[in-house]
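In the numbering used here, the protein residues as written are 23 to 1087. All remarks here apply to the structure that follows.
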Amino acid sequence: MRNRYPRFFRFYFLLICFCATSAFGQLSDFDFDITHTNETCTGNGSMTFSVSGTQPGSSMLYSIYLLPNTTTPVSVTSAATFSGLTAGNYQVIATQTLNGNTGTQQENVIITDHVEDLQYSINHTYGECYKTAVLHVNITSGNPISYEVMSGPQTFPAQASNEFVVTQGGTYTIRVFDECGEALVQTYTFIFDPGISLPFSANATTEVVGCNLMAVNQTFETTGVFAYPLQVTYTINIPGSDPITSSFTVESGGANSVTITQNLIVGPNETYSYVVNVVDACGFSYTDEGSVENDPQIPIVTPSGGDCDTTDYTLYFATAGTVISAPDTYGFDLPHELVMGQPNSFPIPDLLPGTYTVLALDFCQQPHEIEFTVEAVEPPGPTVNIQLGCGAGMASVYIRADGGIETIDVISAPAAYPYPLPHNLNYALDAGGALRLANLPAGEYIFHIVNDCGFEWDFPVSLSGLVFEADVDVIQHCGSFDLDLSYVDNSTAGVSFWLQKYNPNTNTWGHPQTGNPYPINTQPNLGNSRPLGDGLTLNLLYTGHFRVISYRVMFSTIESERHCINVLNEFDVLLAPIIEDAYSFSCDNATFDVIIDATGMAPLQYSITQMNNSPYVVNNGTSNIFTGLTPGIYNFQVQDVCGNIANRLFEISEPYSMQIISSGTCEGQPFTLSVPNYEFLDYTWYLDNPGNVLSNSATLEIPAISAADLGTYYVHIFTDNPESCIDITLEFNLDMITPLAQAGTDSSETYCGNPGTLDLSAFLGGNFQTGGVWSENTASGTLSISSWDATSVASGTYVFVYTKSSECGPDDISVHSFTINPAPENPIAFLEQDVCQQGDLHLLSSTVAGATYVWTGPNGFTSSEQNPTILNATSANNGTYTVQAFIGDCPSEISNLEVILSELPDFTLSAECNNNRMLITATSASAETFTYAWSGPNGYSSSVNPADISGNAPGQYSLTVTNQAGCSATFSQNVTATLCQIPKGISFNEDGLNDDFDLSGFGDNLKVKIFNRYGMVVYEMNDYVNQWHGQCKDGNMLPSATYYYYIQNAEGQEKTGWVYLMRNE
């Protein structure tokens, strides 16, 4: 047993770097050449190095890089050759070293991939008379050298021929070797049982070829091959007669399908039975029987279309037709011979309502008169076809209406319908005026339809969504597989099934054999998919990632919605084994432990077949770790459970460079350290303390890294194979983490007027990092780094974004807005005129564009109107009023307005006689100057005070008094009398003129006495107005005469005089 010694890989890596790049001095130039061999088998590319002009005693070292990687070499070797290279672009640096001095030269080499992968298919044919079968191995690529049947009903050792003759059907496992020693295995299944008649099927059809002549077309199909010639015997059974037998020979035909035609004369309404027997050259017999009925076809006339006014008819099952009777509206002269359209059919277009008669000849030239009536056009209701799918619970519809649909709307739909109702669907009408619409949720619908002729329908449609069950059973064999497909759904429409293979290079699905891609939203075809049947499909000779799909066509005018694909299963069929790479680890005794990384169908068997191009056999069983290998070129071989074999050359000369890879150093985010993950290695991670194990996998994960996780991490890599020297410790120093971007919180500022130049950084708040970038979302154009010159920008809102970036994730931003409101102009408060008490006070302000207003005044007065009004103002509204304008939150200066309301004039009115005139007088205590406006009955007006109304009609007199401030008041007085002269005579005759001694114009509280010429008082009264009309105190009328009167008013003034009384005796 070899001792294992822990070592740190980083020391070896530093040694390589030192040897390849460090120098204390520069040696002279030298010549460097490379010859190479291309890769013809997996990993057998090689290079041979030659140098000349080097310093005597110097040593050479060759560093091989697979471009574009120029930091980590594939290998560093001192040997003049290196093998085990795959195709690619390489750079080789040759380093000459002598006494600490170095010199380098480099060359680039392209190793081309000339590997021809082995691929083939298998089919079978049958030998003579189905006694043997031949398995054919058909090479599609690669260079095969031998073929063998590893297992099956019959086995065959390796042979040069690609054909195997077998006598039994079943499952055969076939292996093919190529010139690289690779072996590819496929399994093939077929059914074959020699000596038993081939299974066949028969299908008979009949057609009328003459009046009483019927043709019987009998098709036989077999899964095998017909052996010609065929002997055919027909036996015909005619009712009431002896059977009729006829025979003939078919010399040639299809390999597995043949159609035999026999013409039979069958009377009208008669039925004959027959038996047909076919015997091939091998003696296999095929029999079928059936019957032939001659049911004469009588000509008929049926509707076949039309437009808004007319109806099209067609005569069917006729050899000739003539219209012999028709309404006057018929467009042809009678009789009118019809012209044949399709075979044995005659169109009769554009018929208007009425009764028509057609004379038709049948196939036997017998005449038939057919009378039919064309009704006025009443189009049939709409029709619908329903296709369930595409998804579960969905359906599509095809709705047609006679004459074509002009417009169609959904007016009722289930709750899952995604559009508001009514929903117009004219966008989904096809060129023929029919609705084709997909992806409708199941449920009850009502469509409102108007056709091209103006007929309307509310058309109900009930949709049930697609429900399907699919079971795809994958039966995997070596290099092939079978599929057992079971599919059931609730749709009556046809559905097809297809197999497709995934191409990871193009991210497309396509044909599993040719790789031709399947264009999405199209119908699969034989060029891009392989068809499958419902049931068992054998011998699918493909490997890779596959899917089985169902396909059906939906009703839709949108091309992508027409093609309905449901994926029924996705699965993988394993490939032949692949040797991915070899990893060598140096041991202390100048040997290597080598780990082979391979994939394939387990269990895999590992071996070595050659070393340095000479036989060298190491059978390693199922272990992929080879121990104790000396430097050299080895051919490693891997065989899977099916017998597939993969080979690959590797030159084992330098140890594998294993490194720790880190991912993510962002604070608060996941952080990982990893090394290549191999199931054959063990891993132990720790931080500083080996006793504190953090992980036992190839990856160490820290969910959210923080400052507490800083430190030096170690991973110990080893194997539990006691024969292996693999024991490595690597380290990684985590000395910093990167914080996430933080731009702080948003802010918003408002200014009245321009604020000058602002340092935007002063407005950052919350958690933020400096060093970000300022940008403007608006367009002031005055931002410089973080300084914004707002001295002369227009009023408005300006938005700036502070962006802080971090390699740890998305940028963080904070948004900062600055609103500059214009300082408003100062409003001017004013009144247009003086205001009187009891009038409306109209406060006015000059207009400030874009401003709002705030008024204040006495008694708690406020208003936000520009020009407010105080109704019925009084002296309580006297005082100082202020107005202030605002734009946004920006105020103007305050404007003051002193308001003193003018008092209304206060007058009393009185009417009295003065110097025998009736004057109405307005009296006030005020000494102001006023204007007067009198009005009274009969349009009376005056502008003086007092006003003379003598002789005017009694009634209501009004006076409007206006002072110098324009304040007006109106007063009224009811005047009952306007006369101020004492009557000189009265005549009481009730004519309305001088009927009484009228003193109404002399005021109230008059005392009146009437004396006769003898000085006697004949009448007297206090509170006199006009009560005396010539009567005595006793009420009797006085005689006509002249009487003396005495009058005293309320002030004691007295008047006397004579009045003449005239009576009508």
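Idealized CB from N, CA, C, for every residue including glycine.
Opposite residue i in the DSSP bridges: which residues?
i, result
"Q409", "S418"
"N111", "I132"
"I196", "V171, Q208"
Cβ atoms of residue j and residue i: under 8 Å apart, would you say?
i, j, result
"Y824", "T800", "no"
"G174", "G149", "no"
"C858", "S946", "no"
"G164", "E185", "no"
"C151", "C304", "yes"
"V616", "Y605", "yes"
"A438", "G413", "no"
"L893", "A851", "no"
"P338", "S367", "Here the sequence assigns Tyr to residue 338, which means Pro is not the residue at that position. Closer than 8 Å, so yes."
"V254", "V297", "no"
"I1008", "G1052", "yes"
"V399", "V345", "no"
"L447", "L459", "yes"
"G882", "G901", "no"
"L1021", "N1044", "no"
"Y1", "P534", "Past the edges of the chain, shown from 23 to 1087, lies residue 1, and the structure says nothing about it."
Given the structure, does residue i come close to the ligand PLP, in the sense that its CB is under 7 Å from one of the ligand's heavy atoms?
i, result
"Q659", "As far as ligands go, the structure on display features none, and thus does not contain the ligand PLP."
Quick one: grab the DSSP three-state call for residue i.
i, result
"F394", "strand"
"Q545", "coil"
"R574", "strand"
"F785", "helix"
"R584", "helix"
"F1024", "helix"
"G67", "strand"
"Y1066", "strand"
"N234", "coil"
"F31", "Only weak support exists for where F31 lies, its pLDDT of 34 falling under 50; the coordinates are left without a value."
"N1071", "coil"
"C609", "coil"
"S836", "strand"
"G803", "coil"
"A729", "helix"
"P890", "coil"
"F46", "Here the model assigns F46 a pLDDT of 40, short of 50, so the residue's position is not dependable, and the following value carries that caveat. Note: F46 maps to coil in three-state DSSP."
"C39", "Reliability fails at C39, whose pLDDT of 37 lies under 50, so the model's placement of it is uncertain and the value that follows must be treated cautiously. It is helical."
Alpha carbon to alpha carbon, what distance is there between residue j and residue i?
i, j, result
"S684", "H136", "37 Å"
"D506", "Y628", "35 Å"
"T43", "F790", "Its pLDDT being 40, under 50, T43 is placed unreliably by the model, and nothing is read from it."
"N1071", "V921", "50 Å"
"L722", "G537", "40 Å"
"D710", "T734", "6 Å"
"V159", "N278", "22 Å"
"C688", "S828", "9 Å"
"P546", "G487", "24 Å"
"Y87", "V96", "5 Å"
"S948", "P927", "8 Å"
"P349", "Y378", "7 Å"
"P166", "V300", "44 Å"
"G1079", "Q986", "47 Å"
"A417", "Y573", "14 Å"
Taking the alpha-carbon of residue i as reference, which of the options has the nearest alpha-carbon?
i, options, result
"N259", "E292, T244, T241, L235", "E292"
"F749", "C609, H146, Y1067", "Checking the sequence, you will find Asp at residue 749 rather than Phe. The shortest Cα separation from D749 among C609, H146, Y1067 belongs to C609."
"S100", "T94, F1033, I115", "I115"
"T333", "N512, P371, V314", "P371"
"N561", "N936, P968, C500", "C500"
"Y112", "T94, G122, L89", "L89"
"Q208", "V983, D504, C1002, W531", "D504"
"S1114", "N225, V575, T59", "Here the chain has residues from 23 to 1087 only, and residue 1114 is not among them."
Closest Cβ-Cβ distance between residue i and chain C: below 8 Å?
i, result
"P959", "Considering every chain present, this structure includes no chain C. It has just one protein chain."
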